[in-house]
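When you line the sequence shown up against the working numbering, it's residues 9 to 409, in that order. Here is the structure we will look at.
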Amino acid sequence: MQRISVWFITGPLPPRFSGAGKNDLLLAPHCIKHGLDITLVAPRYPGDAASETIGNVKVLRIPRKERSFRILAPLSLIKHLYFNPPPDLIRMRGFSFSLALTVFLLKIFFPRIKIVVQPAMFGGDDPVSIRKKRGGFFVKRQLMNVDAIFSMNQLFRESFLRCGFPENRIYMVHNPVDIENFYPVAKEVRIRLRRQLGLPEEGFIMTTLGIFHSRKNQSLITQAFIKFLSDGIGENTYLVHVGPTAKDLPVLGRPDAVEKAAKEEARLNAVMRKSRYSQNVLTMGHRENPAPYLQASDLFVHASTKEGEANVINEALACGLPCLVPDTPPYRTQAPSSCAYRFSPGDAKALSNGMKLLISDKALRVSMAKSAIDHILITRTPDKAAAYYAELLNRIARLPR
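Structure representation (structure tokens):
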């Protein structure tokens, strides 16, 4: 079969903070092994080369200017296509006004290029949610005009079907997990990691991971944790928050998220000020590699309800951590009940009860840990994810107009 050329339009690439960029940089080399010629298209920041190769993956960076990026990025991409061989297919992760304008221009100037969109966040870039936003009519119209949708959960699929997108052009996909970096460790290694990371060597550690944001709901997790301790159980228990704070975000190329991060931090601090257990809550900030924090932990907690597929849950499962997750459709397939306990979304008391159950039942945690590792190895290794991606993209690239 002839190799096809594919562009992945993605987010900022590491070391800047972007789950999409990190994920695509993991997926791309494996897609190349499975017959795709991949180019990552990412925002260009000061100091970045316009184009380069990372490993064996070609990278094209589009100039980024805060106020005009939404307009200039699509024009820059179209200009590049005019002077270079166009790809057979472009896959966009997430959707926005800028990407909608890109689709609009591609359909005019390069109609032979197939376009696939992989929405990133249910409640943000599904067609029902997009329609409610400013300029939503235009954005939704372009979204519905693409050739295929990669859906990371059933809610996306249902939203597109409800809006009339053809069912046979919606494909279910999963994110890969870097199993060479995220993996379980022995007890003695866990203790050594705690010592190196400045975490308590003894006791029980539960961790949550992600950018500080009301969507990630770190304040709710902290509230549930404080309630758990206030009930007189597990005083030698710690909650560790790992992820970019308001202070970290400008350096990571996310000044747009500073205000929301600061508000969530304020909510978290308000919860801690009212409790005598504030010393049991540790905020670590951004970490280039969060894997050691997961490997040093006993339990992972996640409270966000607006996701496509949460990379952090996959990473926690790969490290053999039982997970506490909201009882919403996306997590029912991503983290089956054999390796995750579900709580009512937004309910601090229900989350606190889940913490109590998993901390007190070691046999359940051991069973969940084994199931978590098996689940990741069966469904989300990079090579398996890439093989399926390559199969789908080849099929879509050859669809008739």
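We put the beta carbon where it would ideally sit given N, CA and C, even for glycine.
Which term fits residue i, buried or exposed, when burial requires 16 or more other beta carbons within 10 angstroms of its beta carbon?
i: Asp239; result: exposed
i: Ser345; result: exposed
i: Ile79; result: exposed
i: Val374; result: exposed
i: Ile62; result: exposed
i: Gly293; result: exposed
i: Lys122; result: buried
i: Phe236; result: buried
i: Asn176; result: exposed
i: Ala36; result: buried
i: Leu114; result: buried
Nearest-angstrom Cα distance between residue i and residue j?
i: Ala57; j: Asp256; result: 23 Å
i: Ser26; j: Ile116; result: 30 Å
i: Glu1; j: Leu359; result: The first residue shown for the chain is 9 and the last is 409, placing residue 1 beyond what the model contains.
i: Arg165; j: Ile178; result: 7 Å
i: Leu385; j: Leu34; result: 16 Å
i: Val309; j: Leu109; result: 37 Å
i: Ile367; j: Met129; result: 31 Å
i: Asn64; j: Gln231; result: 45 Å
i: Thr313; j: Lys148; result: 22 Å
i: Ile86; j: Pro93; result: 12 Å
i: Glu387; j: Pro353; result: For the sequence presented, residue 387 should be read as Thr rather than Glu. Those two C-alpha atoms are separated by around 26 Å.
i: Pro425; j: Arg350; result: No statement about residue 425 is possible, as the shown extent of the chain runs from 9 to 409 and does not include it.
i: Ile321; j: Gly131; result: 19 Å
i: Pro330; j: His88; result: 46 Å
i: Leu228; j: Ala311; result: 8 Å
i: Phe168; j: Arg120; result: 23 Å
i: His221; j: Leu260; result: 15 Å
i: Ile157; j: Val125; result: 5 Å
i: Leu332; j: Leu365; result: 11 Å
i: Arg24; j: Tyr53; result: 10 Å
i: Pro192; j: Arg101; result: 29 Å
Between which two residues does the beta strand (DSSP E) holding residue i run?
i: Leu21; result: Where Leu21 is concerned, there is no enclosing beta strand (DSSP E), given that its DSSP letter is neither H nor E.
i: Val185; result: Taken as a continuous stretch (DSSP letters only), Val185 belongs to no beta strand (DSSP E), as it is neither H nor E.
i: Lys66; result: 65-71
i: Leu407; result: Leu407 -> no beta strand (DSSP E), and no H or E assigned at all.
i: Phe308; result: 307-309
For residue i, report the span of its alpha helix (DSSP H) as first-last.
i: Glu273; result: 266-281
i: Phe112; result: 105-117
i: Lys122; result: No alpha helix (DSSP H) contains Lys122, which is instead part of the beta strand (DSSP E) from 122-126.
i: Ser13; result: Not the alpha helix (DSSP H): Ser13 falls in the beta strand (DSSP E), residues 12-17.
i: His249; result: Here His249 belongs to no alpha helix (DSSP H); instead the beta strand (DSSP E) covers 245-250.
i: Arg142; result: First-last for Arg142: undefined, no H or E at that position.
i: Phe212; result: Phe212 -> not in any alpha helix (DSSP H); beta strand (DSSP E) instead, spanning 212-217.
i: Glu97; result: Here residue 97 turns out to be Leu, not Glu, going by the sequence shown. Here Leu97 belongs to no alpha helix (DSSP H); instead the beta strand (DSSP E) covers 97-101.
i: Tyr301; result: 299-303
Grouping DSSP H, G and I as helix and E and B as strand, with all else coil, what is residue i?
i: Thr291; result: strand
i: Asp56; result: coil
i: Asp335; result: coil
i: Thr230; result: helix
i: Ala371; result: helix
i: Leu205; result: helix
i: Val154; result: coil
i: Phe351; result: strand
i: Thr389; result: coil
i: Pro4; result: Past the boundaries of the shown model lies residue 4; the chain is included only from 9 to 409, so the question cannot be answered.
i: Ala254; result: coil
i: Ser159; result: strand
i: Met180; result: strand
Query raised in the report: Are three or more beta carbon pairs between the segment 371-379 and the segment 251-266 nearer than 8 Å?
Result: Proximity of the segment 371-379 to the segment 251-266 falls short of the contact definition, fewer than three beta-carbon pairs being nearer than 8 Å.
Query - the segment 264-279 / the segment 137-151 touching (three or more Cβ pairs under 8 Å) - result: Fewer than three beta-carbon pairs drawn from the segment 264-279 and the segment 137-151 are found closer than 8 Å, and the two stretches are therefore not classed as touching.
Report task. Take every Cβ of the segment 47-62, pair it with every Cβ of the segment 191-207, and state whether three or more of those distances are shorter than 8 Å. Result -> Contact between the segment 47-62 and the segment 191-207 is absent: fewer than 3 CB-CB pairs across the two stretches fall below 8 Å.
Query raised in the report: Would you say the segment 392-409 touches the segment 41-53, given that touching needs at least three Cβ pairs under 8 Å?
Result: Yes, the segment 392-409 touches the segment 41-53.
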